[in-house]
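Protein chains in written order, with my numbering: chain D, -2 to 274; chain X, -2 to 274; chain L, -2 to 274; chain U, -2 to 274.
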């Protein structure tokens, strides 16, 4: 059976030797191994794909004994994660994820779709996923977020995906989902933070537009970047045509970032990601 | 003989018909024709490559008579333009342009290289181009710019290229060279305006870096963008390695933008470029 | 109302003047105009987006009178075209087109999906499109193609799209659909013609893979190329992982090529396309 | 001092543990470590950047004792390698390497440039590198290759770089330089093997062109690929313009591949490369 060992700890000499020694003693095979040392803070990251019968408790205890006290050690399997999607009106990111999910290509179960508009209800229904319509009109931000949080709480998802959810979330909403809330921003961040990035891009006359998938933190569009991709544009593109062209990038980048996260290929350190892909 | 006709005027019905009518009456062949109408301001742009014997004065007079009074009409040939390069310490953009120039690939004559440091003197000398060393130390910005302007004035270049010139130019310097001063900025603008963009990019943890060639105007890094290109990076790139990787992009983007400008393929309208490539 | 004028004719002096003269006389506004002269054969191509009330018969008669006898002149509108999709087992291209169709993003009506396997029946059904299951097993190629042709004949589609249809079509099948049959090939043609291109790519150890959308002609994978796109791969990609990564490119390239064709932006000349995008 | 440990051996359980155990016992710090297992042949590859005082003989002896008998173990330093360049008439790849060399950016000493034409003599001379003009006219291929080999033998270079050397080399020439002879091919291999790839690309009407840096083996353009890169083209590009546009890609890809090789980041296994970049 396949396992994943994920380790993040202060760097010191001999870490790989000590870790692989424990694995060797357990008779485990390493299918793939990636390490990285972040030099600025001297932090060691390691992701190991293992095969063999794992005595998890013993293994973790021995690793803890072998590694610095500050080490964060996690043994994961590759069971599908639970996710909930938040959307507004645009369908392309939602469609992309629903279709991949329907064909078993997403290592996740989409538990529900939540939206502040009703337009994507029919699409969601085609794929047999519960759709929660929670309009924001006539509600305070606090009240609306409370309703969304209540729905999320009823599913206890591993990750929440903002698949073109066009409302800004408060710090209170974001904090409990630290490193578990993934957004797709329709610009090449940090260019064009905030609203209407294609309008901003058009006004600036850029020759390339892009999309950024990132973890959400308390500062708007400032969270750790997971994936980015770009496409060329020129003077013939209106803001509207940039938006159209950008959709293909957005959905592919979001799906790519989500795959990296679901496959446990992403470490977060301060405001950055370390990605073993 | 080949000619270029460049027209920019308020859009109205029948412009192409009227212009090509004048050309047809002159017995001129159209090798290539490009038009664009900027809808926001209703401005018509046309670039026509012509072959045949041109009676320039008559042609221009007839075009002026046929077109709206506000039309800007220019008949250009493809003679090499004169350019002067401003550099600091990094060689890669200078090298790229010197080599292309040496092999006749730049539709331009590099008249001189001006620098606030001496390190690129030897390289410039290898290619037989005059090098003016104008140190900025111990001088006020005004005094230093006056010296640079004096050297430029002695060459009367058609275009001035900032080939990694690492000093910010005053509005007084820039204004007389409106749309004739080309800079390479080592980021994907408008991300990372100003100093040390690779350090900024590293700090933000972006997954793509880039370079932007643009006309310089009075606002730092805000001028019309001519060309942009990007490359992927990841968590293993230090700011220094991003800078190294970025150099290949910078020099290619600058050379590309300069070629577009020298071949008269770039119109500037407000803060944007229309590029017929 | 918007119209499209599409002209292909032997090049000669004054063509643009003569064409725009007819348009001007009809009081038509040119929204966008593109021309190209293929120098090898001296053929002129022009695509004009027009707005205004068109007296189509008069306009075409006057254009015919003004242009060389060999000119091909077509006045099109932007009504949705009819298309039929042929698929086998892979869903990603079909999903992409069904979703775009469902949200009105495809300037076409998907009349039906035809497949030699049954697996995509459920997906197609979700979107309310007729699905024709025509198994090829136990039938000769001729017999099977005859069945497919019969279904196509019942719909009289403007274009037939091979959205990962994994059977080679005979010349007899292809000929009646000249320039109306669009295929997505899962390699960067002309690399890896024929079966299992990802296996071929893996065996060759390439560092980039891609996809090609092209018109189908009688020679396998030799028809005019409409669009191509690529992505980087490395030694860690198995042939299977290349295939997975390639799917995102395939569907986007096919959707892009189909959009170009449906928007009448593609001319075919010999074995190449001229694309005004 | 920095060292590189390069290991290639049959895969078995515990390899990383055993190797890092030897390194740990020697008190060596691992700066960076990369491993890969080629599953088809079950071969393990590892590249380790080390810092510390290395007792090379003991270290290698202990590694040999710890690893399977078939293991290939190499301890390298990062001293500059010696290289000789072979060129014909085109300057862009040569210029790129000469400039990088002049500014200490190439981890190599360019010992000499050899050419079957004289045109690049002046450029080479500017940078103070010996230029050997060995015309092929009036000589048999054998005789000409013998002359080139004699010059190479006088320099004993670590690597020979075909920087747009436009002659096909015999198997006899190639064999002694197995995995040490690097070529830049001006197409996206395996598309357009052999002569005039841009003419082939133009004739096929491709929408993307590229360049491939690869090790040379006895079969024309079939050796292990090190790096590839592409750029978009369209119907307006003549074969000549494709060639012009392609040059920027060629020189960057060759420089990139050479850097990977000089930094010992490339393993060759059968007809493929494993690249730890």
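We treat Cβ as the ideally placed atom computed from N, Cα and C, and that holds for glycine.
In this text, all values refer to a predicted model and were calculated from it rather than measured experimentally.
In the displayed model, residue 213 (chain U) falls within coil according to three-state DSSP, outside both helix and strand.
Residue 41 (chain U) sits in a strand when the DSSP states are folded into three classes. Distances from the CA of residue 180 (chain U) to each of U:199, U:158, U:164 and U:172 were compared; the closest alpha carbon is that of U:158. Ranked by Cα distance from residue 190 (chain X), the options X:129, X:218 and X:136 are led by X:218. With respect to the 7 Å criterion, residue 109 (chain D) and residue 174 (chain D) are not classified as neighbours on the basis of their beta carbons.
Proximity to residue 128 (chain U) across U:111, U:45, U:251 and U:238 peaks at U:111, based on C-alpha coordinates.
Shown here for residue 247 (chain X): same chain residues with a beta carbon closer than 8 Å to its own, the five before and five after excluded, namely 89, 90, 161, 181, 183 and 208 in chain order. Excluding sequence positions up to five before and after residue 243 (chain X), its CB lies within less than 7 Å of the CB of 183, 195, 206 and 208, all in the same chain and listed in chain order.
Under the DSSP assignment, residue 257 (chain L) falls outside any beta strand (DSSP E), being part of the alpha helix (DSSP H) whose first and last residues are 236 to 259. Under the Cβ criterion of 7 Å, residue 187 (chain X) is counted among the residues facing chain D. Taking C-beta atoms under 8 Å as the contact rule, residue 104 (chain D) and residue 75 (chain D) qualify, at a distance of about 7 Å. Listed in chain order, the positions of the stretch 122 to 143 of chain L with a beta carbon within less than 7 Å of a beta carbon of chain D are 123. When the alpha-carbon of residue 82 (chain D) is set against those of D:14, D:273, D:186 and D:145, the nearest one is in D:145. Looking at U:18, U:52, U:120 and U:34, the one whose alpha-carbon comes closest to that of residue 27 (chain U) is U:18. Taking C-beta separations shorter than 8 Å and ignoring five residues to either side along the sequence, the partners of residue 215 (chain L) in its chain run 168, 171 and 172, following chain order.
If you compare the alpha carbons of X:14, X:41 and X:47 with that of residue 29 (chain X), the shortest gap goes to X:47. Chain L has a Cβ within less than 7 Å of the Cβ of residue 225 (chain U). If you ignore the 5 residues before and after residue 38 (chain X), its C-beta comes within less than 8 Å of the C-beta of 266 and 267, all in its own chain and listed in chain order.
Rounded to whole angstroms, residue 240 (chain L) and residue 193 (chain L) show a C-alpha spacing of 9 Å.
Under DSSP, residue 33 (chain U) forms a beta bridge with U:42.
The Cβ atoms of residue 263 (chain X) and residue 257 (chain X) sit closer than 7 Å to each other. Positions of the beta strand (DSSP E) runs, each at least 3 residues long and wholly inside the stretch 163 to 227 of chain U, are given as 178 to 182 and 205 to 212 in order along the chain. Its chain contains 88, 91, 92 and 95 as the residues whose beta carbon lies nearer than 8 Å to that of residue 120 (chain D), once the 5 sequence neighbours on both sides are disregarded; these appear in chain order. Boundaries of the alpha helix (DSSP H) around residue 15 (chain U): 12 to 22. Per DSSP, reduced to three states, the secondary structure at residue 269 (chain L) is strand. Note that the C-beta distance between residue 213 (chain L) and residue 178 (chain L) is below 7 Å. When the Cα atoms are used, residue 61 (chain X) and residue 53 (chain X) turn out to be separated by approximately 12 Å.
Closer than 7 Å to the CB of residue 96 (chain D) there is at least one CB belonging to chain L. The DSSP-derived three-state label of residue 5 (chain L) is strand. Taking residue 14 (chain L) as reference, the option from X:25, X:8 and X:235 with the minimal CA-CA separation is X:25.
Residues of chain U whose Cβ lies closer than 8 Å to the Cβ of residue 231 (chain L) are, in chain order, 272.
Around the Cβ of residue 135 (chain D), a 10 Å sphere holds fewer than 16 other Cβ atoms; the residue is exposed. The stretch 51 to 106 of chain X is shown to contain whole alpha helix (DSSP H) runs of 4 or more residues at 53 to 63 and 89 to 99, in chain order.
Excluding sequence positions up to five before and after residue 131 (chain D), its CB lies within less than 8 Å of the CB of 111, 112, 113, 141, 144, 145 and 148, all in the same chain and listed in chain order. Note on geometry: alpha-carbon atoms of residue 185 (chain D) and residue 137 (chain L) lie some 53 Å from one another.
Nearest to residue 115 (chain X) by alpha-carbon distance, out of X:234, X:1, X:84 and X:273, is X:84.
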